[in-house]
Amino acid sequence: MDESTEIKSEGKRAGGFAHWMYWFVVVLLLYVLSIGPVVRFMDKGIIAKGSQVEHLVAIFYGPVFLAYSDTLLHKPIGMYFHLWSHRFNKEGNRTPF
């Protein structure tokens, strides 16, 4: 009976770090991809300018907005924004209103 307990506990530990890294990447990817619908909601006025919700969105998605404005990820993030919003062109740049 002791041997089966040892085998089960060893089986649970296998892939521990890889398992956590997998879920970290999945959550990070979902976080970044979830900004697309938020941008659409802002365009349609569902999230009103100057509202408390807009302020919370700016705080929550601040790292993504910062990556868009200040890193090499500007173009890929902007191109993703283009899929959701008419405010961004195909090159990922913001279009003037």
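With the sequence shown counted from 1, adding 25 to any position gets you the working numbering. Even for Gly, the Cβ is constructed at its ideal location relative to N, Cα and C. These figures come from a predicted structure and were not determined experimentally.
| task | Classify G119 as helix, strand or coil using the three-state DSSP reduction. | result | As a working note, residue 119 is residue 94 in the sequence shown. What sits at residue 119 in the sequence shown is Arg, not Gly. In this structure, R119 counts as strand in the three-state DSSP scheme.
| CB-CB length for R65 against S110, believed under 8 Å | Counted from its first residue, the sequence shown places residue 65 at position 40. Counted from its first residue, the sequence shown places residue 110 at position 85. Sure, about 6 Å apart at Cβ, within 8 Å.
| query | Terminal residues of the continuous alpha helix (DSSP H) containing I60? | reply | As a first step, residue 60 is located in the sequence shown; it is residue number 35 there, counting from the start. Counting along the chain, the alpha helix (DSSP H) containing I60 begins and ends at 60–69.
| query | Buried or exposed: V50, going by 16 or more other Cβ atoms within 10 Å of its Cβ? | reply | Mapped onto the sequence shown, residue 50 falls at position 25. Result: exposed.
| task | If I'm right that H99 touches G117 with Cβ under 8 Å, what's the distance once you round it to whole angstroms? | result | Residue 99 sits at position 74 when you count from the first residue of the sequence shown. Residue 117 sits at position 92 when you count from the first residue of the sequence shown. Right, their Cβ atoms sit about 6 Å apart.
| field | Terminal residues of the alpha helix (DSSP H) in which S94 lies | value | Taking the sequence shown and counting its residues from 1, the one referred to as residue 94 is at position 69. Its alpha helix (DSSP H) spans residues 87–95.
| message | Could you compute how far the alpha carbon of N114 sits from the alpha carbon of P101? | response | Residue 114 sits at position 89 when you count from the first residue of the sequence shown. Residue 101 sits at position 76 when you count from the first residue of the sequence shown. Cα to Cα, N114 sits roughly 12 Å from P101.
| Using the rule of at least 16 other Cβ atoms within 10 Å of the residue's Cβ for burial, across every protein chain shown, is V89 buried or exposed? | Here the question's residue 89 lines up with position 64 in the sequence shown. By the neighbour-count criterion, in which a residue is buried when 16 or more other Cβ atoms sit within 10 angstroms of its Cβ, V89 is buried.
| query | How close, in whole Å, do the beta carbons of I72 and V82 come, if the pair is a contact with beta carbons under 8 Å? | reply | Along the sequence shown, one-based indexing puts residue 72 at 47. Along the sequence shown, one-based indexing puts residue 82 at 57. That belief holds up - the Cβ atoms of I72 and V82 are roughly 6 Å apart, short of 8 Å.
| task | Could you tell me the boundaries of the alpha helix (DSSP H) in which L98 lies? | result | Residue numbering aside, residue 98 sits at position 73 when the sequence shown is read from its first letter. From DSSP, L98 is part of no alpha helix (DSSP H); its letter is neither H nor E.
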